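Asks: Input: one structure, supplied below.
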Amino acid sequence: MRTRPIGLAAGVVLAFLAGHGCSSGGGDGPAPAVCEGAPDPGTAGPGDVEGWFPLAPGWSWSYRIAGQPVTRPADLRIEVGGARSYRGFAATELRELDPTTGADLAGGTALVASAQAGLVELGDGTATDPTPSTYDLRYPVTMGGAWSERCTGLDYGEDLDEDGKHETLDLALAGQVLGLEDVTVPAGTFAGAAHVRLTLTLTLYPTRAGLQPVTATAWQETWYARGVGIVRRSDGGELSPTTAYELVGWSGPAGGGGLAELTRLVVPPPSSDPYVSPWRVVPARGGSSRAMVLDLAWRDGPVRLVGRFVDGGAAGAPVEVVPQWPATSALLPWHMATQVAPGPDRHLVAFAAEPAQAPGTAEIRAARVTADGVALDGPSGFLVAQCASWTAYAVAASRAGDGYLVTWGCSAPAGGVYAATVGADGTVGAPTFLGEGPVQFLQAAGRGAEHLVVWGRGSSADTEVVGVRVSAAGTSLDAAPVRLVADQDFKVPGDLACGDAACLLTWRRAAMPYGSYELAAVRLAPGALAERAAVRLAGPIDSETEPLAVPVGDQFAITWGDPQIYPLPWGQPGPAVRVAWAGADLSLSPPDGIPVLYHWDFYDALGNAALLSAGAADAWVAYEWIPAYPELDAVHWIR
Numbered sequence: 177m178r179t180r181p182i183g184l185a186a187g188v189v190l191a192f193l194a195g196h197g198c199s200s201g202g203g204d205g206p207a208p209a210v211c212e213g214a215p216d217p218g219t220a221g222p223g224d225v226e227g228w229f230p231l232a233p234g235w236s237w238s239y240r241i242a243g244q245p246v247t248r249p250a251d252l253r254i255e256v257g258g259a260r261s262y263r264g265f266a267a268t269e270l271r272e273l274d275p276t277t278g279a280d281l282a283g284g285t286a287l288v289a290s291a292q293a294g295l296v297e298l299g300d301g302t303a304t305d306p307t308p309s310t311y312d313l314r315y316p317v318t319m320g321g322a323w324s325e326r327c328t329g330l331d332y333g334e335d336l337d338e339d340g341k342h343e344t345l346d347l348a349l350a351g352q353v354l355g356l357e358d359v360t361v362p363a364g365t366f367a368g369a370a371h372v373r374l375t376l377t378l379t380l381y382p383t384r385a386g387l388q389p390v391t392a393t394a395w396q397e398t399w400y401a402r403g404v405g406i407v408r409r410s411d412g413g414e415l416s417p418t419t420a421y422e423l424v425g426w427s428g429p430a431g432g433g434g435l436a437e438l439t440r441l442v443v444p445p446p447s448s449d450p451y452v453s454p455w456r457v458v459p460a461r462g463g464s465s466r467a468m469v470l471d472l473a474w475r476d477g478p479v480r481l482v483g484r485f486v487d488g489g490a491a492g493a494p495v496e497v498v499p500q501w502p503a504t505s506a507l508l509p510w511h512m513a514t515q516v517a518p519g520p521d522r523h524l525v526a527f528a529a530e531p532a533q534a535p536g537t538a539e540i541r542a543a544r545v546t547a548d549g550v551a552l553d554g555p556s557g558f559l560v561a562q563c564a565s566w567t568a569y570a571v572a573a574s575r576a577g578d579g580y581l582v583t584w585g586c587s588a589p590a591g592g593v594y595a596a597t598v599g600a601d602g603t604v605g606a607p608t609f610l611g612e613g614p615v616q617f618l619q620a621a622g623r624g625a626e627h628l629v630v631w632g633r634g635s636s637a638d639t640e641v642v643g644v645r646v647s648a649a650g651t652s653l654d655a656a657p658v659r660l661v662a663d664q665d666f667k668v669p670g671d672l673a674c675g676d677a678a679c680l681l682t683w684r685r686a687a688m689p690y691g692s693y694e695l696a697a698v699r700l701a702p703g704a705l706a707e708r709a710a711v712r713l714a715g716p717i718d719s720e721t722e723p724l725a726v727p728v729g730d731q732f733a734i735t736w737g738d739p740q741i742y743p744l745p746w747g748q749p750g751p752a753v754r755v756a757w758a759g760a761d762l763s764l765s766p767p768d769g770i771p772v773l774y775h776w777d778f779y780d781a782l783g784n785a786a787l788l789s790a791g792a793a794d795a796w797v798a799y800e801w802i803p804a805y806p807e808l809d810a811v812h813w814i815r
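Residue numbers (this note's numbering): 177 to 815.
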């Protein structure tokens, strides 16, 4: 991305000479350049007082190539490296990295210096680099500000025509500030960005008889934002296509914005087939700063539930939550029959298993895991209750205070929802009946000192959403289930997230055109439950991104995905995974969400994505590229 016009022009020259049978040779290295208008360490100026290009340790930027298929969150990452003296300047290394692996890119290190008179580019800092020092930007930055540089007889440093002599170069560079403009890129909108154009003409003189001088012109346009650095850069030249880089995110010692970090989270091996048992995310809520990633491992040895805690972008060691899953088949949709009650000191994983000796029945079980990743309850957890007629794969768990509540749907002895308390020490209370079914989906969450249990009942085409409050002792605080949503329509199971007082219940519902969905929600205020009209949050949405929410004060951070497009027009970014913050009135900020990730084509697509954790101004989102399974990635987006 830092390729300067001189590099583009030189590429054209080398391509021309290669077509004439020339190749690179040896030599003694280039002579020091003396150029008219070249940067001088002693030139006075105000320095970068406005912060057009921060170069302090800790700065990094992520960029995406505009107009190309978006196959990962960023195409390039640049980090500030070490400092050293070079050509009399206090120079700083800029390192180009692969944004996913963090590996240095070949030839991707260059030296720059923020001198008193301007931003100076110094080439790659090697002894054989023929590139003269040039100004990328002059201080102070003013509209119409211009500068120029002219070098003649430069030693190119290589023998291209194989006659034993180095070729020579003439160079003419012109720079100008075209204006102070507002520019919008994936990382956001930046006001008053300095739009700078560099034009360079390079003439190479072959020393072998019969070869004529070759001249090439290249250009580069860069937008610098105060306090951030380069937010957009496009460059091109003769016989060179135009390439544009746009800022996706940045991070510095005092904070950042947009996509600030990428990290890799590896689901504990051996992993499951992604089309059979996909991984599942339990967001950081319930007083815990840690998210949890769960998956079934079944290819090697007994079926077992494995997981990792994720704190920010750091993934902990794998832990076998349930070392021996007591199920007859790995095809059991465990992600529907498993729910986790998070807490600051431990998580309770509630799950259902079908015993081999009694098909159609279920054992409702639970297992505790400490914040350090230690499983407390043996190879298969502990038994909470027996269900004589298993229905809907509905299991939920919540935490209120130091106690837990496990709830499940069962068709016998009466069809409906049952619950039992679980103490911090694993002591199980007697089951109680909360309300009738048939159960379509089931959710539970702790709200202050009580549990809130919500389920959908009735036919799939006319789902009634009801709920009850349950005390820490396991007693229902409502005489009968309370209808929570006025709309009676088809609802795809969603999510229930509770903060210190209010809760957010979300689900996917059918929308027009036929086959599409939208994200709907109700906010459950403190106190008694009451029926409310559903609010449309977003739509149309896709069916793979889990609309998980995390309480943030009196708001909720939430993710969803755009509907799939196939085939996708070439050069388009594709459907996005978005994150937004829902206020007390369920209005979203920003209204359309922030596009954090992009799906691409069918064979190189996001398998699913989910919210790991969030604060008032940032969010971590995990996602899976199907070809890379079982490795998960995560991005850190700063508002």
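Cβ atoms here follow ideal geometry from the backbone N, Cα and C, with glycine treated the same way. Keep in mind it's a predicted model, so treat the numbers as computed, not measured.
How would you label W297, buried or exposed, when you count the other beta carbons within 10 angstroms and need 16 or more for buried?
Replies: First, the residue type needs correcting, since residue 297 is Glu and not Trp in the sequence shown. E297 comes out buried.
Asks: Can you tell me whether DSSP reads A207 as helix, strand or coil?
Replies: Residue confidence is low: A207 scores 43 on pLDDT, short of 50, so the model does not pin down where it sits. Its coordinate-derived value is still stated next. In the structure shown, A207 sits in coil (DSSP, three-state: anything other than H, G, I, E or B).
Asks: Checking contacts by CB at 8 Å: is A367 closer than that to chain C?
Replies: Here there is only one protein chain, and chain C is not present.
Asks: Can you tell which of P417, T546 and A529 has its C-alpha closest to the C-alpha of E539?
Replies: Among P417, T546 and A529, the Cα nearest to that of E539 is on A529.
Asks: Which term fits P249, buried or exposed, when burial requires 16 or more other beta carbons within 10 angstroms of its beta carbon?
Replies: Buried: at least 16 other Cβ atoms inside 10 Å.
Asks: Mapping DSSP to helix, strand and coil, what is E539?
Replies: E539 falls in the strand class under three-state DSSP.
Asks: Give the single residue among G592, V726 and A786 whose Cα lies nearest to the Cα of W757.
Replies: Here the closest residue by C-alpha is V726.
Asks: Out of G333, V353 and A369, which one is the CA nearest neighbour of P382?
Replies: Per the Cα distances, G333.
Asks: My assumption, with CB atoms under 8 Å, is that V698 sits in contact with V661. Please give the rounded CB distance.
Replies: The Cβ separation is near 6 Å, so the contact holds.
Asks: Going by Cα to Cα distance, which pick from A570, D251 and V668 is closest to D858?
Replies: Given that the chain is displayed from residue 177 to residue 815, the structure contains no residue 858 and the question cannot be resolved.
Asks: Quick check on the burial criterion: 16 or more other C-beta atoms within 10 angstroms. Buried or exposed for D471?
Replies: So D471 ends up on the buried side.
Asks: Suppose contacts are defined by Cβ-Cβ distances below 8 Å. Is G632 in contact with L581 by that definition?
Replies: Not closer than 8 Å, so no.
Asks: For G536 and S565, what's the separation of their Cα atoms in angstroms?
Replies: So the alpha carbons of these two residues sit roughly 6 Å apart.
Asks: Using a Cβ-Cβ cut-off of 8 Å (strictly less than) and excluding sequence neighbours within five positions of A810, which residues of its own chain qualify?
Replies: Cβ neighbours of A810 beyond the five flanking positions: L438, T439, R440, L441, V486, G489, L788, W796, V797, A798 and Y799.
Asks: Report buried or exposed for R134, applying the criterion of at least 16 other Cβ atoms within 10 angstroms of its Cβ.
Replies: Since the first residue of the chain shown is 177 and the last is 815, residue 134 is not available in this structure.
Asks: Using only CA atoms, which one of V497, R466, H523 and A792 lies nearest to D578?
Replies: The candidate whose alpha carbon is nearest that of D578 is H523.
Asks: For L724, which residues of its own chain have a beta-carbon under 8 Å away from its beta-carbon, when the five flanking residues on both sides are left out?
Replies: Counting only Cβ-Cβ distances below 8 Å, and skipping sequence neighbours, we find V457, P459, D671, A673, I734, T735, A786 and L787.
Asks: Suppose contacts are defined by Cβ-Cβ distances below 8 Å. Is G622 in contact with S574 by that definition?
Replies: Cβ atoms of G622 and S574: closer than 8 Å.
Asks: Can you give me the Cβ contacts of D718 inside the same chain, cut-off strictly under 7 Å, excluding the 5 residues immediately before and after it?
Replies: Taken in chain order, the residues that qualify are G737, D738, P739, Q740 and P751.
Asks: Measuring straight from C-alpha to C-alpha, what distance separates A532 and S556?
Replies: Looking at the two C-alpha atoms, the distance is approximately 14 Å.
Asks: Look at the alpha carbon of V189 and the alpha carbon of M319, and state the distance between them as a whole number of angstroms.
Replies: Here V189 scores only 49 on pLDDT, less than 50, and its place in the model is too uncertain to base an answer on.
Asks: Which one of W501, S765 and R408 has the shortest CA to CA distance from D358?
Replies: The residue with the shortest Cα to Cα distance from D358 is R408.
Asks: Could you tell me the distance, in whole angstroms, from the CA atom of G283 to the CA atom of A322?
Replies: Each residue's Cα considered, the two are about 30 Å apart.
Asks: Excluding the 5 residues preceding and the 5 following A550 in the sequence, name in chain order all residues of the same chain whose CB lies nearer than 8 Å to its CB.
Replies: As written in the sequence, residue 550 is Val, which differs from the Ala given in the question. These residues qualify, in order along the chain: V495.
Asks: Considering only the beta carbon of each residue, do Y311 and L330 sit closer than 8 Å?
Replies: No. Outside cutoff.
Asks: Within 10 Å of its beta-carbon, does Q388 have 16 or more other beta-carbons around it, so buried, or fewer, so exposed?
Replies: With fewer than 16 other Cβ atoms within 10 Å, it is exposed.
Asks: Give me the Cα-Cα distance between V225 and G428, rounded to the nearest whole angstrom.
Replies: So the two alpha carbons sit approximately 17 Å from each other.
Asks: Would you mind giving the Cβ-Cβ distance between L313 and Y239, rounded to the nearest angstrom? I have them listed as a contact below 8 Å.
Replies: With a Cβ gap of about 18 Å, L313 and Y239 do not count as contacting.
Asks: Could you check if A793 is buried or exposed, using at least 16 other CB atoms within 10 Å of its CB as the buried criterion?
Replies: When all chains shown are included, A793 counts as exposed.
Asks: Of the choices L374, Y315, A369 and Y421, whose alpha-carbon is the least far from that of Q244?
Replies: It is Y421 whose Cα lies nearest to the Cα of Q244.
Asks: Are there 16 or more other CB atoms within 10 angstroms of the CB of P607, so buried, or fewer, so exposed?
Replies: Result: buried.
Asks: In this structure, what does DSSP give as the bridge partners for V288?
Replies: According to DSSP, which records beta bridges pairwise, V288 is partnered with T268 and E297.
Asks: Hey, would you say V668 sits closer than 8 Å to Y693, going by beta carbons?
Replies: In this structure, Y693 lies closer than 8 Å to V668 by Cβ.
Asks: What residues match up with E357 in a beta bridge as DSSP calls it?
Replies: Bridge partners of E357: A369.
Asks: Taking DSSP as the reference, what is the three-state secondary structure of S565?
Replies: Note: S565 maps to coil in three-state DSSP.
Asks: For the beta strand (DSSP E) that T418 lies in, which residues bound it at each end?
Replies: S416 to G428 is the extent of the beta strand (DSSP E) around T418.
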